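Asks:
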Amino acid sequence: MKDVYTKLKFLRFREQLDAIESGNIAPPVHVRIKPMNPCDHDCWYCAYHVENLQLGSLMEYKDRLSREKMMEIIEDLTEMGVKAVTFSGGGEPLIYPHIAEAANKLGESGIKLATLTNGSHLHEDIAEAFARYGTWIRISIDGWNAESYAKIRNVKLTEFDLVVNNMRNFANLNSSCLLGINYVIDNENFSHIFEFSKLMKDVGVNHLKVMGVIVSNDGTQSNEYHDKIKEGVKEQIAQAKGLEGENFTIIDHYHEFPERFDKEYDTCLSMQFLTIIGADSKVYSCHDKAYTELGLLGSIENRRFKDFWFSGENRKRLQEINPSIHCQHHCAEHSRNLLLHEYMSVDQNHLEFV
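Letter 249 of the sequence shown, counting from 1, is numbered 259 in our numbering, and no numbers are missing.
1) Quick one: grab the DSSP three-state call for L253.
2) Look at the alpha carbon of N128 and the alpha carbon of L209, and state the distance between them as a whole number of angstroms.
3) Spatial neighbours of D262 within its chain, please: CB distance less than 7 Å, with the 5 preceding and 5 following residues excluded, ordered by chain position.
4) Short check: CB of Y143 to CB of G117, under 8 Å?
5) Hey, could you find the ends of the alpha helix (DSSP H) M177 is sitting in?
6) Report the residue from D317, G308, E269 whose alpha carbon sits nearest the alpha carbon of C341.
7) Would you please state the rounded distance, in angstroms, between the beta carbons of H133 and I105? I believe it to be under 8 Å.
8) Please check the pair P38 and T285, which I expect to be a contact at CB under 8 Å, by giving their CB distance rounded to whole angstroms.
9) Quick one: does the C-beta of A181 sit closer than 7 Å to a heavy atom of the ligand SAH?
10) Considering only their Cβ atoms, is the gap separating T96 from A139 smaller than 8 Å?
11) Nearest CA to the CA of V173: which residue from D152, L188, L349?
12) Count the other C-beta atoms from every protein chain shown that fall within 10 angstroms of the C-beta of T259, then say buried if there are 16 or more, exposed otherwise.
13) Would you kindly report the start and end of the unbroken beta strand (DSSP E) that includes F318?
14) Measure the C-alpha to C-alpha separation of G255 and H236 and round it to an integer number of angstroms.
15) Restricting to runs no shorter than 4 residues, where is the alpha helix (DSSP H) found entirely within the region 228-289?
16) Consult DSSP for K93 and reduce its assignment to one of helix, strand or coil.
17) So, with DSSP's three-state summary, where would you put N347?
18) By DSSP's criteria, M46 is part of a beta bridge. Which residues make up the other side?
19) What residues in its chain sit with their C-beta under 6 Å from that of E338, if we drop five residues either side in the sequence?
20) Can you have a look at N347 and say buried or exposed, based on whether 16 or more other CB atoms are within 10 angstroms of its CB?
21) Do the CB positions of P333 and K251 come within less than 8 Å of each other?
22) Going by CA-CA distance only, name the one from V225, N197, L18, A181 that's closest to V213.
23) Could you check if Q358 is buried or exposed, using at least 16 other CB atoms within 10 Å of its CB as the buried criterion?
24) If you draw a straight line from the alpha carbon of N179 to that of H202, how long is it in whole angstroms?
25) With DSSP as the reference, please indicate the residues paired to V220 in a beta bridge.
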């Protein structure tokens, strides 16, 4: 299986790299759209609903994009040449009433499509749309059976089997859309990684990514939490890797968390490649700063996204965000930013001496 998670994807997008070098703004390659903030699950660790995690201080639970706004955004993304869209939360994207229509419209427009979901509504016309046009689906699951799943997510005991059946049915569609799992490891489910991996392989999942739960913005506290279980986690992951084959892979993202979040660069170059549109019709710099004042780029409630993106207002906000000052927290784009800054620092007179 080729690497679907590599941080080197940006090297393929010359327009954005040229825009960074010239000080201009190019269309984003990838846009994350959060269609609505309500969710049908209630996970205890959700970064948008837990007070001691940084995400979501501006999030209004009732917010959702109107159908008209969603279709307008898709028209703009198509015209701008955006390459990919991921539907994510906020809330649960697949309970958005217009999600199948939006997915079909994106696919018909030639924009690649993905979603992060709990999988509860991956069925019927929604499943058909993603099977036809989707590049990947990643389902977040943290319980290994009905009882554990219901406890972690505060849902009915029947929900686990419903989600597993949705996945099995989707896999049976024989789509090219990759079906992946995020298994968020905590101190209750860590001893069931191998057991759960066997189930997912049988269901027809393409890959299972394991990652540690974040219990605090303080990396030290998260590491202390995982210190008690990490040896058991490593043993379970090693067992699970024995299940790997041509159509099933374990992706190990279980590691220590940084205890400091210092950034030594003063510009976030990743913002030329990825941006966020929230259910509040506002644009944010990244998913780590979605629904926060510091991450707010501007509102598109009464204007089109394409007009905002190329505006002087957006240019000013993109320049104002200084990671060395404003991003002293976990950052999913940090490793990509380090690579981008190294790439931009190359002496042009020495390029040929590879």
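By construction, the Cβ of each residue, glycine as well, lies at the ideal position given by its N, Cα and C atoms. As the structure is a prediction and not an experimental result, all values here were calculated from the model.
Replies: To lay it out plainly:
1) DSSP places L253 in the coil class of the three-state scheme, outside both helix and strand.
2) Their Cα atoms are separated by approximately 17 Å.
3) Result list for D262: V220, I247, in chain order.
4) Yes, they are a contact pair.
5) Boundaries of the alpha helix (DSSP H) around M177: 169-181.
6) Nearest to C341 by alpha-carbon distance, out of D317, G308, E269, is E269.
7) So it is not a contact: roughly 12 Å between Cβ atoms.
8) Cβ atoms of P38 and T285 come within 8 Å of each other, at about 5 Å.
9) The model depicted lacks the ligand SAH and carries no ligand whatsoever.
10) No; because the gap between Cβ atoms is not below 8 Å, this pair is not in contact.
11) Restricting attention to D152, L188, L349, the CA atom closest to the CA of V173 is found in D152.
12) So T259 ends up on the buried side.
13) Taken as a continuous stretch (DSSP letters only), F318 belongs to no beta strand (DSSP E), being part of the alpha helix (DSSP H) at 315-319.
14) Computed Cα separation, rounded: 29 Å.
15) The region 228-289 contains these whole alpha helix (DSSP H) runs: 229-237, 240-251.
16) Correct three-state label for K93: coil.
17) N347 carries a helical assignment under DSSP once its states are collapsed to helix, strand and coil.
18) Among the bridge pairs identified by DSSP, M46 is matched with R74.
19) Correcting the residue identity first, residue 338 is Gln in this sequence and not Glu. Excluding residues within five positions, the ones whose Cβ falls inside 6 Å are F271.
20) For N347, the number of other beta carbons within 10 angstroms of its own is at least 16, and it is reported as buried.
21) No, the pair does not count as a contact, with Cβ atoms beyond the cut-off.
22) Taking only the C-alpha atoms, the option nearest V213 is A181.
23) It is exposed - the Cβ of Q358 has fewer than 16 other Cβ atoms within 10 Å.
24) Each residue's Cα considered, the two are about 24 Å apart.
25) For V220, which the question treats as bridged, DSSP gives the partners Y193, D262.
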